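Engineer: With the working numbering applied, the sequence shown corresponds to residues 256 to 448, in that order. Sharing a structure below in structure tokens format, with a few things to ask.
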Amino acid sequence: MKIKSASFIATAVRPSQYPSPELPEIAFAGRSNVGKSALINQLLNRKKLVKTSATPGRTQCINFFLVNNAFYFVDLPGYGYAKVPANIQKRWGPMVEQYLKRRDSLKSVILILDIRRVPTKEDLQLLSWLHHYNIPAPVVLTKADKLTKNKQYQQTKEIAQELACTTEELVVFSSKSGQGKDLLWRRIKSLLH
Ligand SMILES: Nc1nc2c(ncn2[C@@H]2O[C@H](COP(=O)(O)OP(=O)(O)OP(=O)(O)O)[C@@H](O)[C@H]2O)c(=O)[nH]1
Ligand SMILES: [Mg+2]
């Protein structure tokens with residue numbers, strides 16, 4: 256994908272703050288600190304468009320980015336990090352659920368997992384919830400640069416088994432090296448059309 260423009264548009268905690276739903280939209284979800292924001296930056300060839308952090312729980316609102324004046328990328332706050340203050344954790348469910356349920360322009364939620372870890376209960380819950388609402392949810396295994404190719408393959412097999420899918424359905428990715436970027440863009444393009 257040729258990125259002609261990418262810009263931050265809005266940060267939201269409630270629907271009245273979302274941009275008007277005139278363009279197709281792809282959201283990115285996953286555990287806190289899994290690498291959602293870094294993945295969006297890598298896809299858009301930008302280093303700092305989306306704030307990343309070594310401290311989990313950095314992204315606490317729903318952030319909208321306009322790409323090529325043609326579609327939105329949405330960075331969702333991460334879930335499942337115990338040290339995020341309780342009031343913010345409590346807000347996550349209703350805030351994200353409201354977004355996922357009501358956003359007519361939402362074409363897909365890309366679920367991001369750490370390739371080194373088996374999916375958590377929360378990952379599986381989110382995935383089955385997305386299936387239930389018929390929202391296409393491709394799965395990306397990120398931080399692949401932290402493993403050898405051989406270990407990447409083993410982990411992909413194991414995670415596919417946990418998710419009851421094939422290894423071909425999973426995109427092995429690295430925001431550091433750009434591995435998997437072309438494949439993920441192909442999937443995103445087909446979800447946008
Ligand atoms: N080596 C490596 N590090 C990564 C990769 N992706 C993310 N990181 C690092 O992991 C940490 C978390 O990345 P973020 O993109 O901020 O994670 P996030 O999922 O947006 O986190 P929250 O906003 O807190 O939910 C940062 O220190 C990143 O530099 C990757 O593919 N490879
Ligand atoms: Mg983030």
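Don't be surprised by glycine CBs; every beta carbon is placed ideally from N, CA and C. Owing to the predicted nature of the structure, the values given are computational and were not obtained by experimental measurement.
For Gly285 and Pro393, I'd like the C-alpha separation in whole angstroms.
Structural biologist: Straight-line Cα distance between these residues: approximately 12 Å.
Engineer: With a cut-off of 8 Å on the beta carbons, I'd call Val373 and Ile414 a contact; round off their distance for me.
Structural biologist: Going by Cβ atoms, the distance from Val373 to Ile414 rounds to 7 Å, so yes, they are a contact pair.
Engineer: Apart from the five residues just before and just after Asn324, which ones in its own chain have a Cβ nearer than 6 Å to its Cβ?
Structural biologist: Nothing meets the Cβ criterion.
Engineer: Name the DSSP bridge partner or partners of Arg286?
Structural biologist: DSSP, once it has assigned bridges, lists Tyr334 as partnering Arg286.
Engineer: Would you mind giving the Cβ-Cβ distance between Ile370 and Phe328, rounded to the nearest angstrom? I have them listed as a contact below 8 Å.
Structural biologist: Not a contact, Cβ separation roughly 21 Å.
Engineer: With a threshold of 8 Å, establish whether the CB of Lys306 neighbours any heavy atom of ligand 1.
Structural biologist: Lys306 Cβ: within cutoff of ligand 1.
Engineer: Output needed for Ile264: all residues of its chain with C-beta closer than 8 Å, excluding positions within five of it in sequence on either side, in chain order.
Structural biologist: Answer for Ile264: Pro274, Phe319, Phe320, Leu321 and Tyr327, listed in chain order.
Engineer: By alpha-carbon positions, which one of Arg357, Ser432 and Leu331 ends up nearest to Arg346?
Structural biologist: Ranking the options by Cα distance to Arg346, first place goes to Leu331.
Engineer: State the CB to CB distance for the pair Val395 and Val351, rounded to an integer number of angstroms; the pair is presumed to be in contact (CB under 8 Å).
Structural biologist: Not confirmed; about 18 Å, so no contact.
Engineer: Going by CA-CA distance only, name the one from Leu361, Ser429, Thr422 and Arg269 that's closest to Pro279.
Structural biologist: Looking at the Cα atoms, Leu361 is the closest of the given residues.
Engineer: When you compare only the Cα positions, how much space is there between Thr403 and Gln409?
Structural biologist: Computed Cα separation, rounded: 10 Å.
Engineer: Below 7 Å CB to CB, which residues in the same chain sit around Tyr334 once its five sequence neighbours on both sides are set aside?
Structural biologist: Arg286, Ser287, Trp347 and Glu377.
Engineer: Anyone know if the C-beta pair for Ser432 and Ala399 falls short of 9 Å?
Structural biologist: The answer is yes: Cβ separation under 9 Å.
Engineer: Taking only the alpha-carbon atoms, compute the straight-line gap between Lys306 and Gln416 and give it to the nearest angstrom.
Structural biologist: Straight-line Cα distance between these residues: approximately 33 Å.
Engineer: What's the gap between the Cα of Lys303 and the Cα of Ser429?
Structural biologist: If you take the alpha carbons of Lys303 and Ser429, they lie about 16 Å apart.
Engineer: Does the Cβ of Leu298 have 16 or more other Cβ atoms within 10 Å, making it buried, or fewer, making it exposed?
Structural biologist: By the 10 Å Cβ count, Leu298 comes out buried.
Engineer: What do you get for Lys291, buried or exposed, if any count of 16 or more other CB atoms within 10 angstroms of its CB means buried?
Structural biologist: Burial call: buried.
Engineer: Under 8 Å from any heavy atom of ligand 2, does the C-beta of Ser430 make it?
Structural biologist: Checking every heavy atom of ligand 2 against the Cβ of Ser430, none is found closer than 8 Å.
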